[in-house]
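**Q** Counted the way our numbering counts, the sequence shown spans residues 422 to 520.
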Amino acid sequence: MEWPRETDAEQVIGPGGAGRLASLAGTLRGQRLTAEIVDGRLHVTHDPDSKGVVLECRRRASDNDQWWFSWANGIWLCEADHPMDAVVAVKGALRPPPE
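1. Go to residue 444, then tell me how far its alpha helix (DSSP H) extends in each direction, as first and last residue.
2. State buried or exposed for residue 437, treating a residue as buried only when at least 16 other CB atoms are found within 10 Å of its CB.
3. For residue 456, which three-state DSSP category applies?
4. I need the DSSP call for residue 483, collapsed to helix, strand or coil.
5. Would you check if the segment 440-460 and the segment 502-513 touch, i.e. whether three or more CB-CB distances between them fall below 8 angstroms?
6. In the DSSP assignment, find the beta strand (DSSP E) that holds residue 462 and state where it starts and stops.
Have a look at this one:
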């Protein structure tokens, strides 16, 4: 797993969703993906010139306010305590459609 970048440092200091996003960003970079935190959201692509996905980390009221990763459109992805589930989902979303 890759350590968070210095640009992520401010996100890592505070507890909660920002730190979890920074940790996930490091894991995704370890998978050779481009992962950048911009305005509290995690932007992930294969490379800087490709289309990607955007994730957030927020509390889910229906799950006792546990931290969850979600797509930027608000669809819940997985519990933030299971980052590898998020990695699998992100890699699947970035896979090109079959020809």
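Even for Gly, the Cβ is constructed at its ideal location relative to N, Cα and C.
Quick caveat, the model's predicted, so the values are computed rather than measured.
**A** In terms of the structure at hand:
1. Translated into the one-based positions of the sequence shown, residue 444 becomes position 23. Per DSSP, residue 444 belongs to the alpha helix (DSSP H) from 438-451.
2. As a first step, residue 437 must be located in the sequence shown, where it is residue number 16. With fewer than 16 Cβ atoms within 10 Å of its Cβ, residue 437 is classed as exposed.
3. Taking the sequence shown and counting its residues from 1, the one referred to as residue 456 is at position 35. It is a strand residue.
4. For the purposes of this step, residue 483 is identified with residue 62 of the sequence shown, where counting begins at 1. In this structure, residue 483 counts as helix in the three-state DSSP scheme.
5. yes
6. Reading the sequence shown from its first residue, position 41 is the one you call residue 462. Residues 462-466.
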